[in-house]
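In this note's numbering, the protein residues as written are 159 to 568.
One structure is given here, and the rest of the page talks about it.
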Ligand code: PLP
């Protein structure tokens, strides 16, 4: 079946071996893509190929295998650079993931960039990993954390944002897309206003990279972070993009091998970018795998992916709205392919357990975004998040499953 956007969904699904299995005797329906995505065969093969042919430590060895491993890792960095349209390969830092990237920036800024009384702005829509590191930094430095409030529909209150910005604002750190509600934030406007106030901007792109093209130069963003495991790549790997002049000045995160130019007991000098921020032996297999994941996405076409997922989102929204007791949590105008909802007064956890018995994987709970749940005065939501390998037939299965949930629990 070739869908209206011109790619063959059955062929795509064949690339993901995990999808072809039964869970509790039913065909697996995997709708937990915002938590982590499944891996295509090329990414799985990349790990096997690495360990069975070129496994070796990178950057240090003169021997054949070390050079092959280094070349493969650095070629992957080039792919990431091209994918993000970063100006230089030195601006691409391998991290452990989004959380690690945010902590890297917070830690560096804590070493002299932020002082008591400075202000850092985040938003009401953040994942805990874009809240806690800034709280820790504020505790450490005496800086003040300000929060852009949200509106009932799950969008940010931009008037309040403008009012928060002032000459004390040093950083605005916001997600590109909310993992709990799917809201696509107006990041161009957010960046433009922050820059007018001389503040830097970090975007948490964990939920954006799987769905849309991101051009860091066009955005003019200062720092951008995301995770490999959410873009069909390996776990334990992520990317930090930073403008070269900023990364050059930012103090290193961790000390150790790889990140030094020279070490003596009197004085250590640091390596240049990107190695200054890559202490210790990296997750080499995953550094290579993330490049294969991007190749895979590009072979389908990021725009095709985004368009198809919007079809799924529209279809699911329409089908789910037929439930009399459906309450959508987060109804922003611009949304990624993710639906958070409640069904009457059924507890999300109970719904999740029954859906699991039917082979349907959804996420239930607060989605590491407790302030959002507090805003709506709810314990959590049921979240169905779609990837380009999902189908309308699977959404029909979810609808059937929810009817059963209602029947059993109402
Ligand atoms: N930010 C957002 C918006 C997320 O959705 C997530 C993960 O769900 C994270 C940050 C944390 O990502 P990781 O656990 O890969 O570091």
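Built from N, CA and C at the ideal position, the CB exists for glycine as well.
Could you tell me whether any non-hydrogen atom of the ligand PLP is closer than 7 Å to the CB of residue i?
i           : result
residue 365 : yes
residue 445 : no
residue 362 : yes
residue 438 : no
residue 526 : yes
residue 539 : no
residue 333 : yes
residue 193 : yes
residue 385 : yes
residue 287 : yes
residue 343 : no
residue 337 : yes
residue 522 : no
Determine the burial state of residue i: buried for a count of at least 16 other Cβ atoms within 10 Å of its Cβ, exposed for fewer.
i           : result
residue 565 : exposed
residue 521 : buried
residue 169 : exposed
residue 285 : buried
residue 235 : buried
residue 406 : exposed
residue 421 : exposed
residue 209 : exposed
residue 385 : buried
residue 257 : buried
residue 379 : buried
residue 221 : exposed
residue 274 : exposed
Skipping 5 residues on each side, what residues in its chain have a beta carbon closer than 6 Å to that of residue i?
i           : result
residue 296 : 303
residue 559 : 513, 516, 518
residue 241 : 452
residue 277 : 302, 304, 326, 327
Can you tell me whether residue i is helix, strand or coil according to DSSP?
i           : result
residue 323 : coil
residue 159 : Unreliable placement is indicated for residue 159, whose pLDDT of 48 sits below 50; no coordinate value is reported for it.
residue 507 : helix
residue 178 : coil
residue 218 : coil
residue 456 : helix
residue 294 : helix
residue 211 : helix
residue 411 : coil
residue 257 : helix
residue 238 : helix
residue 341 : strand
residue 195 : coil
residue 478 : helix
residue 566 : helix
residue 417 : coil
residue 542 : strand
residue 497 : strand
Excluding five sequence neighbours on each side, which residues of the same chain lie with their C-beta closer than 7 Å to the C-beta of residue i?
i           : result
residue 468 : 495
residue 510 : 520, 522, 540
residue 199 : 173, 175
residue 484 : 478, 499, 501
residue 185 : 517
With C-beta atoms as the reference, is residue i less than 8 Å away from residue j?
i           : j           : result
residue 329 : residue 312 : no
residue 201 : residue 454 : yes
residue 570 : residue 332 : Outside the shown range of the chain (159 to 568) lies residue 570, about which nothing can therefore be said.
residue 460 : residue 541 : no
residue 252 : residue 397 : yes
residue 436 : residue 249 : no
residue 557 : residue 501 : no
residue 479 : residue 487 : no
residue 432 : residue 266 : no
residue 543 : residue 189 : yes
residue 231 : residue 445 : yes
Quick one: residues in its chain with C-beta nearer than 8 Å to the C-beta of residue i, no 5 flanking neighbours on either side, listed in chain order?
i           : result
residue 298 : 268
residue 197 : 174, 176, 390, 391, 392, 451
residue 377 : 345, 346, 349, 361
residue 506 : 500, 522, 523, 537, 538, 539, 540
residue 254 : 394, 395, 396, 441
residue 225 : 219
Return yes when the C-beta of residue i is under 7 Å from any heavy atom of the ligand COA, and no when it is not.
i           : result
residue 255 : For the ligand COA, the structure offers nothing, since it holds only the ligand PLP.
Contact criterion: CB-CB distance below 8 Å. Does residue i meet it with respect to chain B?
i           : result
residue 336 : Of the chains in the structure shown, none is chain B; there is only one protein chain.
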